[in-house]
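Residue numbers (this note's numbering): 9 to 220.
And the structure:
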């Protein structure tokens, strides 16, 4: 019944769903997770033909369900989240930017040694919409918009510096898991410029979108 604990749990649900649907590969979602269904801690509910495993739509968390639907819509609209080939971390052509890049909160690249520190609980990742190697059935090269995702697993907020203009001149914030809304196409989100600082709340994820 603690309001702060429930608020934290709701945010964590959105974090897990966001991580799932923005990841490459096939998303696997247990039926009922999108409704905030609980199995009361039972991880073997397949053998429970009772309230532990049943879906109760009358108790569905409609806010979380809508959030999940918007995430699915976002994934369907953007093939960059459904790549057919592995990331290489390198440009496709000389003079281009890499297909994926990782950043620290100060806007600098993540180095190999940065990944070894157990205190590193926050990072940003750039996903290049023009860095896909796939082609359509007609042989046309597939391209998409670019995205920047910021993960913050710290217990406090962090001021994050966005990448430079070589990645994008501006970014539109379309998702903040500290809130329960996903801004989809047609809606207005706040615009940030390259190298601008953006505040990321504790235990949350931000998704920024750049239209190419």
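The beta-carbon is built from N, C-alpha and C at its ideal position, and this holds for glycine as well.
Note that this is a predicted model, so its numbers are computed, not measured.
3 or more residues per run - each beta strand (DSSP E) lying fully within the segment 59 to 119:
Within the segment 59 to 119, the complete beta strand (DSSP E) runs of at least 3 residues are 108 to 111.
Pairwise C-alpha distance: residue 141 and residue 125:
Cα-Cα distance, rounded: 33 Å.
Assign residue 26 to one of three DSSP states: helix, strand, or coil.
Correct three-state label for residue 26: helix.
Provide the residue span of the beta strand (DSSP E) that contains residue 200, from first to last.
Residues 199 to 201.
Quick one, which of 149, 147, 151, 132 has its alpha-carbon nearest residue 160's?
Per the Cα distances, 132.
Assuming residue 188 is part of the beta strand (DSSP E), what are its boundary residues?
Looking at the DSSP string, residue 188 is not in any beta strand (DSSP E), and its letter there is neither H nor E.
CA-CA distance, residue 8 and residue 146?
Because the chain here runs from 9 to 220, residue 8 falls outside it and cannot be looked at.
Can the beta-carbon of residue 134 be found less than 8 Å from the beta-carbon of residue 109?
Less than 8 Å divides the Cβ of residue 134 from the Cβ of residue 109.
When the Cβ atoms of the segment 148 to 156 are set against those of the segment 201 to 210, are three or more pairs found closer than 8 Å?
No, the segment 148 to 156 does not touch the segment 201 to 210.
In whole angstroms, what separates the C-alpha of residue 114 from that of residue 79?
In a straight line, the C-alpha of residue 114 is about 28 Å away from that of residue 79.
So, residue 83 versus residue 90, is the Cβ gap smaller than 8 Å?
Yes. Within cutoff.
Taking 7 Å as the limit between beta carbons, can you name the residues of its chain near residue 60, skipping five residues before and five after?
By the criterion of a C-beta distance shorter than 7 Å, residue 60 is surrounded in its chain by 47, 48, 50, 53, once the five residues flanking it on both sides are discounted.
Let's test the definition: count the other Cβ atoms within 10 Å of the Cβ of residue 39 and tell me whether it reaches 16, buried, or not, exposed.
Counting other Cβ atoms within 10 Å of its Cβ, residue 39 stays below 16 and is therefore classed as exposed.
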